[in-house]
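Asker: Numbering (the working numbering), first residue to last: 84 to 377.
#1: If you drop the 5 nearest sequence neighbours on each side, which residues of the same chain put their C-beta closer than 6 Å to that of residue 240?
#2: Would you report the Cα separation of residue 297 and residue 307, rounded to the nearest angstrom?
#3: Can you list, in chain order, the residues of its chain with a C-beta nearer than 6 Å to that of residue 319? Leave out the 5 residues immediately preceding and following it.
#4: With a threshold of 9 Å between beta-carbons, can residue 313 be considered close to chain D, or not?
#5: Out of 191, 213, 302 and 198, point me to the one whose CA is closest to residue 129's CA.
#6: Can you tell me the Cα-Cα spacing of residue 375 and residue 229, whole angstroms?
#7: Name the residue from 195, 233, 182 and 368 whose alpha carbon lies nearest to the alpha carbon of residue 208.
#8: Is the beta carbon of residue 149 closer than 9 Å to that of residue 109?
#9: What number of angstroms, rounded off, separates the C-alpha of residue 352 from the C-alpha of residue 325?
#10: Can the beta-carbon of residue 284 be found less than 9 Å from the beta-carbon of residue 293?
#11: Would residue 257 pass as a contact of residue 201 if the rule is Cβ separation under 9 Å?
#12: With contact counted as at least three CB pairs below 8 Å, one residue from each stretch, are the stretch 140-149 and the stretch 213-220 in contact?
#13: If you compare alpha carbons, which of 91, 260, 281 and 350 is closest to residue 269?
#14: Pick from 185, 169 and 234: whose alpha carbon is nearest that of residue 223?
#15: List the endpoints of the continuous alpha helix (DSSP H) containing residue 201.
#16: Reducing DSSP to helix, strand and coil, say where residue 127 ends up.
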């Protein structure tokens, strides 16, 4: 098998793997009992939760449906041989999009339950799925449909909003409850000896995290997700997110929590990858979007 043939079929195992993953997980979630739902929400969790809000059941079923829809689109895609280079890969792209939606929704639930390891893994998963989407778009022969162009980065908004907004809200609006935990965590580090102690640093992080959520709302109002105009607020929200992740990584590094510090560097790198995807896509489709919106 020569290099050209390898390049042509490189996406075939990815598509097959996603079909298997989405179909198996989607079917299990759709037909599962409450105990299995709880097990899904406790994946990677160090402190197991014993129950979850009633509306999570609806979200889990919605996640399951999105995964099954993704599998159907991907099966059609493989049957049409869209994994080959220079093909119209519409079904493949929609399959990836619904996969991204399902993982993003799953990430919301584990984030709200403070299952930080699972939330991190799902954040990285979304980043990798967007890389796959970029690769498929890069090698296909046709520009994406108008609808796909308009909605394809909306999951990034949603994921960043709850990833940054929820912790920021907790630090600022629920500081009485959470500040004691941070004080205990950093009491042996030099950060506790700074003027005012650790509290100003935690409040600063909360302000930065909440500012990301606010900038994302402004970006949505300005319809920057269409990628046909300047994405100033979206780009700034990504920059602040990267900077905040690095600040959090420094904080955990000072108390020798190397796994947590490393995870936060990964957060920053994957956020950079999302920024690169948005920037590259905007360069490619801006002329088309100008025609659509005119």
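Note that CB positions come from ideal geometry on N, CA and C, so glycine has one too.
Since the model is a prediction, treat every value here as computed from it, not as a measurement.
Answerer: Inspection of the coordinates gives the following:
#1: As a first step, residue 240 must be located in the chain shown, where it is residue number 157. The residues are 299.
#2: Along the chain shown, one-based indexing puts residue 297 at 214. Along the chain shown, one-based indexing puts residue 307 at 224. Each residue's alpha carbon lies about 14 Å from the other.
#3: Looking up residue 319 in the chain shown gives position 236. Closer than 6 Å at Cβ, skipping near neighbours: 298.
#4: The question asks about chain D, but that chain is absent: this structure has only one protein chain.
#5: Numbered from 1 along the chain shown, position 46 holds the residue referred to as residue 129. When the alpha-carbon of residue 129 is set against those of 191, 213, 302 and 198, the nearest one is in 198.
#6: On the chain shown, residue 375 is found 292 positions in, with the first residue counted as 1. On the chain shown, residue 229 is found 146 positions in, with the first residue counted as 1. Bear in mind that a pLDDT of 49 at residue 375, under 50, signals an unreliable position, so the model cannot answer this.
#7: Taking the chain shown and counting its residues from 1, one reaches residue 208 at position 125. Checked all of 195, 233, 182 and 368; the closest Cα to residue 208 is 182.
#8: Residue mapping note: residue 109 aligns to position 26 of the chain shown, counting from 1. Residue mapping note: residue 149 aligns to position 66 of the chain shown, counting from 1. Result yes, Cβ atoms of residue 109 and residue 149 sit closer than 9 Å.
#9: By one-based count along the chain shown, residue 352 stands at place 269. By one-based count along the chain shown, residue 325 stands at place 242. Spanning the two alpha carbons is a distance of roughly 8 Å.
#10: The sequence position of residue 284 within the chain shown is 201, counting from 1. The sequence position of residue 293 within the chain shown is 210, counting from 1. No. Outside cutoff.
#11: Translated into the one-based positions of the chain shown, residue 257 becomes position 174. Translated into the one-based positions of the chain shown, residue 201 becomes position 118. Contact: no.
#12: Verdict: no, contact absent.
#13: Within the chain shown, numbered from 1, the residue matching residue 269 stands at position 186. Checked all of 91, 260, 281 and 350; the closest Cα to residue 269 is 281.
#14: Position 140 of the chain shown, counted from the first residue, corresponds to residue 223. Residue 223 has its Cα closest to that of 169, out of 185, 169 and 234.
#15: If you number the chain shown from 1, residue 201 lands on position 118. DSSP places residue 201 inside the alpha helix (DSSP H), whose first and last residues are 199-222.
#16: Position 44 of the chain shown, counting from 1, holds the residue named residue 127. It is coil, neither helix nor strand.
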